[in-house]
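Colleague: Chains as they are written, first to last, in the working numbering: chain A, 3 to 138; chain B, 3 to 138.
Cβ atoms here follow ideal geometry from the backbone N, Cα and C, with glycine treated the same way.
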DNA sequence: CGCAATCTCGTTATGAGATAACGTCACACA
DNA sequence: TGTGTGACGTTATCTCATAACGAGATTGCG
Ligand SMILES: [Zn+2]
Ligand SMILES: [Zn+2]
Ligand SMILES: [Zn+2]
Ligand SMILES: [Zn+2]
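The structure is reproduced here in structure tokens:
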């Protein structure tokens, strides 16, 4: 276990269970929703979920959506968890799309640089209606 | 009152009090912190704060910081509340800087357009250390 | 081996953020 | 006069998140 890329085998039981719930879900889940889904697996308290989520976010396998207080499995291929990611969140169907754009990242870095701001983490969340929901 | 630009005179008593608390503050405040500060002015329940905040945000006088669950008075000159605004939030001193960048806004609009995503609202929050705090 | 450091886990209780639901009051305006 | 609308106050409740404590398992070292 010298690798820093976290695969399924690296995860503890609780982490795997939480990861599974998020992967199965079509959209983001709140910690308490995950808790409810995992009661049959022995989950009893919020902390069991939050502790697993903390690690999964740290590993870059899960992202937290600040504007939703919810969590989503990373579906952005090649996402290392440190990228500048933008989320498009459909307010009708709840689906989340994860996009990484270099121009966007550069622009933000530039703005931070101009202000001598030591950038650690960026949150970009776009709210709106997705293509599918507009059609219907 | 036919104007749509909201000045101090437009605000109700509660809205003025909440706006005052936010304007006096150097950084963002949580709803409950505002509540505590306004107890002497007759505030008793969270809803009094949240109702005022809802309106102030609607008027564009106050912004909500999603990653902080807190609110900050708009200090961006000419901000109409509909702009695409990025917030730089210092994790050491708590100060918030509000910046509006056209290139950034255009890039986001472009990305949304590419995905046929009907963009309604964008949240951009940069976390890091401000210039002042780096120096010290 | 003996022992400390670290990590995961379970549990209980509590803190922090936000809203539902109900009724009151003042005001505008037909 | 009556009727709608919007702000307000209060209570209760809901959702989100963490503090604090202790039990096992694991690792690495003297
Ligand atoms: Zn990702
Ligand atoms: Zn949709
Ligand atoms: Zn502003
Ligand atoms: Zn600072």
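Under 7 Å from any heavy atom of ligand 3, does the C-beta of residue 76 (chain A) make it?
Modeller: Counting from 1 along the first chain, the entry for residue 76 (chain A) is found at position 74. Not so, every heavy atom of ligand 3 lies at least 7 Å from the Cβ.
Colleague: Are the CB atoms of residue 52 (chain A) and residue 72 (chain A) within a distance shorter than 8 Å?
Modeller: Counting from 1 along the first chain, the entry for residue 72 (chain A) is found at position 70. Counting from 1 along the first chain, the entry for residue 52 (chain A) is found at position 50. Taking 8 Å as the Cβ cut-off, residue 72 (chain A) and residue 52 (chain A) do not qualify as a contacting pair.
Colleague: Cβ of residue 131 (chain A) within 7 Å of any heavy atom in ligand 2?
Modeller: Here residue 131 (chain A) refers to the residue found at position 129 of the first chain. True, at least one ligand heavy atom lies under 7 Å from that Cβ.
Colleague: Do the stretch 86-106 of chain B and the stretch 35-44 of chain B make contact, defined as three or more Cβ pairs closer than 8 Å?
Modeller: With a cut-off of 8 Å, the stretch 35-44 of chain B and the stretch 86-106 of chain B do not count as touching, because too few Cβ pairs lie within range.
Colleague: Buried or exposed for residue 108 (chain A), going by 16 or more other Cβ atoms inside 10 Å?
Modeller: Residue numbering aside, residue 108 (chain A) sits at position 106 when the first chain is read from its first letter. Counting Cβ neighbours within 10 Å, residue 108 (chain A) comes out exposed, since fewer than 16 surround it.
Colleague: Could you name each continuous alpha helix (DSSP H) segment of 4 residues or more that falls completely within the stretch 43-101 of chain A, going from the start of the chain to the end?
Modeller: Those alpha helix (DSSP H) runs which fall completely within the stretch 43-101 of chain A and span 4+ residues are 48-61.
Colleague: Say yes only if the C-beta of residue 97 (chain B) is nearer than 7 Å to one or more non-hydrogen atoms of ligand 4, and no if none qualify.
Modeller: Walking along the second chain from the start, residue 97 (chain B) turns up at place 95. For ligand 4, at least one heavy atom lies less than 7 Å from the Cβ of residue 97 (chain B).
Colleague: Are the C-beta of residue 29 (chain B) and some C-beta of chain A separated by less than 8 Å?
Modeller: Counted from its first residue, the second chain places residue 29 (chain B) at position 27. For residue 29 (chain B), the answer is no, since every Cβ of chain A falls outside 8 Å of its Cβ.
Colleague: Please report the straight-line C-alpha distance between residue 106 (chain A) and residue 70 (chain B), rounded to a whole angstrom.
Modeller: The count along the first chain starts at 1 and reaches residue 106 (chain A) at position 104. The count along the second chain starts at 1 and reaches residue 70 (chain B) at position 68. About 23 Å.
Colleague: Output, in chain order, the set of chain B residues within a Cβ distance shorter than 8 Å of residue 130 (chain A).
Modeller: For the purposes of this step, residue 130 (chain A) is taken as residue 128 along the first chain, with counting starting at 1. Ordered by position in chain B, the residues that pass the 8 Å Cβ test against residue 130 (chain A) are 114, 119, 120, 121, 122, 123.
Colleague: Take the Cβ of residue 65 (chain B) as the centre, count every other Cβ of all protein chains shown within 10 Å, and call the residue buried at 16 or more, exposed below.
Modeller: Residue numbering aside, residue 65 (chain B) sits at position 63 when the second chain is read from its first letter. Result: buried.
Colleague: Based on Cα-Cα distance, which residue from B:118, B:129, B:130 lies nearest to residue 128 (chain A)?
Modeller: Numbered from its first residue, the first chain carries residue 128 (chain A) at position 126. With distances taken between Cα atoms, residue 128 (chain A) lies closest to B:118.
Colleague: According to DSSP, is residue 124 (chain B) helix, strand or coil?
Modeller: Within the second chain, numbered from 1, the residue matching residue 124 (chain B) stands at position 122. It is a strand residue.
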